[in-house]
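Chemist: Residue numbers (this note's numbering): 154 to 424. Glycine included, every Cβ here is placed at the ideal spot set by N, Cα and C. Bear in mind that the values here come from a model prediction, so they are computed numbers and not experimental data.
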Ligand SMILES: CC(C)(COP(=O)(O)OP(=O)(O)OC[C@H]1O[C@@H](n2cnc3c(N)ncnc32)[C@H](O)[C@@H]1OP(=O)(O)O)[C@@H](O)C(=O)NCCC(=O)NCCS
């Protein structure tokens, strides 16, 4: 499988989610009867499109397949009147995206660690049962929109409904949402994210909740370095770097979102 060759952490569920979100926006390049490359795009209203899963078989690189897949995705978005395109690039991907007019926005770092049991009593401001989550879902989607820069309720609703995804929402004493976090399986490690919070205290409380869900088990988190509080909660000394990612944008970045409230992204393939 292509993604195994690249050592990616995604599971079939991650591909299925993207296909369900944008069935016409998922592309496979075929050569000589073989699948040799993939790319997906997801439109977030008309605000921007998101590119993910850009992968070309190692034997077939530097032959223009990545470029062709990207051009295909960009054209698909343009046909839907979506002119801004965003993505989170690996170092190899960045070289390709630069040739297609993408520019750097900010850095992310994939850091790794293990979950741990947290002794402190359960935080009453954090709701995580399925029934409590369904009661706050509409408000959660509203809360997330300005942070992400576009309505991604389809993604959030789908993630929360997936039985393998564990989610928690921080709610203040007035019932207002102050942040949320999710933990899901990956092929080699759990993945923590999306992780959004109004401030470091809420961010830390959610982080501790997430770690306590996976005691002793390995995870990745893609930390948003545009938010110094995120870097402080997941310091590199304790959570070593696995790889850097660069958030990039092509076209006018009219809806940048609020990166100061982003602690961890939902995944490079989704934003
Ligand atoms: C990144 C990747 C998709 C590129 O696919 P590709 O089919 O080799 O890309 P192309 O042949 O279309 O490259 C077009 C141009 O991008 C640049 N480029 C692509 N890969 C490059 C690399 N490894 N180093 C330097 N420049 C590179 C070059 O300018 C290249 O043009 P050239 O070959 O005429 O010099 C492929 O290397 C890959 O699958 N890598 C592993 C997975 C990954 O990191 N994906 C990106 C996720 S964000």
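Cβ of residue 306 less than 7 angstroms from any chain B Cβ?
Modeler: As a matter of chain content, chain B is missing from the structure shown, which is built from one protein chain.
Chemist: Would you decide whether residue 412 is buried or exposed? Buried here means 16 or more other CB atoms lie within 10 Å of its CB.
Modeler: Position 259 of the chain shown, counted from the first residue, corresponds to residue 412. In summary, residue 412 is buried, with 16 or more beta-carbon neighbours lying within 10 Å of its beta-carbon over all protein chains present.
Chemist: When you compare the CB positions of residue 329 and residue 281, do they come within less than 7 angstroms of one another, or not?
Modeler: Counted from its first residue, the chain shown places residue 329 at position 176. Counted from its first residue, the chain shown places residue 281 at position 128. Against a cut-off of 7 angstroms, the Cβ pair of residue 281 and residue 329 comes out as no contact.
Chemist: In this structure, does DSSP put residue 420 in helix, strand or coil?
Modeler: Counting from one through the chain shown, the residue named residue 420 turns up at place 267. In this structure, residue 420 counts as coil in the three-state DSSP scheme.
Chemist: Could you please go through the chain and list the residues whose beta-carbon is closer than 5 angstroms to any non-hydrogen atom of ligand 1?
Modeler: So the residues near ligand 1 by this Cβ test are 159, 207, 208, 209, 214, 215, 217, 218, 219, 220, 242, 243, 245, 246, 248, 249, 252.
Chemist: Alpha carbon to alpha carbon, how far is residue 305 from residue 284? Give it in angstroms, no decimals.
Modeler: As a first step, residue 284 must be located in the chain shown, where it is residue number 131. As a first step, residue 305 must be located in the chain shown, where it is residue number 152. The alpha-carbon atoms of residue 284 and residue 305 are separated by roughly 21 angstroms.
Chemist: What separation, rounded to the nearest whole angstrom, lies between the Cα atoms of residue 420 and residue 266?
Modeler: Taking the first residue of the chain shown as 1, we reach residue 420 at position 267. Taking the first residue of the chain shown as 1, we reach residue 266 at position 113. If I take the Cα positions, the gap works out to 17 angstroms.
Chemist: Whole angstroms are fine: how far does the CA of residue 251 sit from the CA of residue 336?
Modeler: Along the chain shown, read from residue 1 onward, the residue named residue 336 stands at position 183. Along the chain shown, read from residue 1 onward, the residue named residue 251 stands at position 98. Residue 336 and residue 251: Cα-Cα distance of roughly 32 angstroms.
Chemist: From the DSSP output, read off the bridge partner residues of residue 203.
Modeler: Translated into the one-based positions of the chain shown, residue 203 becomes position 50. Answer by DSSP bridge pairing, in chain order: 195, 239.
Chemist: If you draw a straight line from the alpha carbon of residue 365 to that of residue 226, how long is it in whole angstroms?
Modeler: Here residue 365 is taken as the residue at index 212 of the chain shown, counted from 1. Here residue 226 is taken as the residue at index 73 of the chain shown, counted from 1. Distance between the alpha carbons of residue 365 and residue 226: 39 angstroms.
Chemist: My output table needs one value for residue 397: the three-state DSSP class, helix, strand or coil.
Modeler: Taking the chain shown and counting its residues from 1, one reaches residue 397 at position 244. Residue 397 falls in the strand class under three-state DSSP.
Chemist: Output yes or no for whether 7 angstroms exceeds the beta carbon distance between residue 194 and residue 204.
Modeler: Position 41 of the chain shown holds residue 194. Position 51 of the chain shown holds residue 204. Yes, the Cβ-Cβ distance between residue 194 and residue 204 is below 7 angstroms.
Chemist: Cα-Cα, which of 407, 290, 232, 354 is closest to residue 302?
Modeler: Residue mapping note: residue 302 aligns to position 149 of the chain shown, counting from 1. For the residues 407, 290, 232, 354, the minimum Cα distance to residue 302 belongs to 407.
Chemist: Note down the Cα distance separating residue 269 from residue 243, rounded to an integer number of angstroms.
Modeler: Position 116 of the chain shown, counted from the start, is the residue given in the question as residue 269. Position 90 of the chain shown, counted from the start, is the residue given in the question as residue 243. Distance between the alpha carbons of residue 269 and residue 243: 29 angstroms.
Chemist: Out of curiosity, what's the CA-to-CA distance linking residue 264 and residue 392?
Modeler: Taking the first residue of the chain shown as position 1, residue 264 is located at position 111. Taking the first residue of the chain shown as position 1, residue 392 is located at position 239. Residue 264 and residue 392: Cα-Cα distance of roughly 5 angstroms.
Chemist: Compute the Euclidean distance between the alpha carbons of residue 215 and residue 236, then round it to the nearest angstrom.
Modeler: Translated into positions along the chain shown, residue 215 becomes position 62. Translated into positions along the chain shown, residue 236 becomes position 83. Roughly 26 angstroms between the two C-alpha positions.
Chemist: Name the one or two DSSP bridge partners that residue 266 has.
Modeler: Taking the first residue of the chain shown as position 1, residue 266 is located at position 113. Answer is 372.
Chemist: For residue 179, I'd like the list of residues in its chain whose CB is within less than 7 angstroms of its CB, leaving aside the five on either flank, ordered along the chain.
Modeler: Counted from its first residue, the chain shown places residue 179 at position 26. So the list reads 171, 172, 193, once near-sequence residues are dropped.
Chemist: Secondary structure at residue 367, three-state DSSP: helix, strand or coil?
Modeler: What you label residue 367 is simply residue 214 of the chain shown in a count that begins at 1. Reduced to three states, the DSSP call for residue 367 is coil.
Chemist: Output the boundary residues of the alpha helix (DSSP H) element that contains residue 229.
Modeler: Along the chain shown, one-based indexing puts residue 229 at 76. Here the alpha helix (DSSP H) through residue 229 covers 218 to 232.
Chemist: Suppose only complete runs of 4+ residues qualify. What are the alpha helix (DSSP H) ranges in the stretch 294 to 355, listed by chain order?
Modeler: 306 to 314
Chemist: Would you grab the beta carbon distance between residue 359 and residue 350 for me? Rounded to a whole angstrom, and I think it's under 8 angstroms.
Modeler: Start at 1 with the first residue of the chain shown, and residue 359 comes out as number 206. Start at 1 with the first residue of the chain shown, and residue 350 comes out as number 197. In this structure, residue 359 and residue 350 form a Cβ contact; the two beta carbons are roughly 6 angstroms apart against a cut-off of 8 angstroms.
Chemist: Are the beta-carbon atoms belonging to residue 298 and residue 162 less than 7 angstroms from one another?
Modeler: To locate residue 298, count along the chain shown from 1; it is residue 145. To locate residue 162, count along the chain shown from 1; it is residue 9. In this structure, residue 162 does not lie closer than 7 angstroms to residue 298 by Cβ.
Chemist: Work out the CA separation of residue 418 and residue 206 for me, nearest whole Å.
Modeler: Residue 206 sits at position 53 when you count from the first residue of the chain shown. Residue 418 sits at position 265 when you count from the first residue of the chain shown. Distance between the alpha carbons of residue 206 and residue 418: 15 angstroms.
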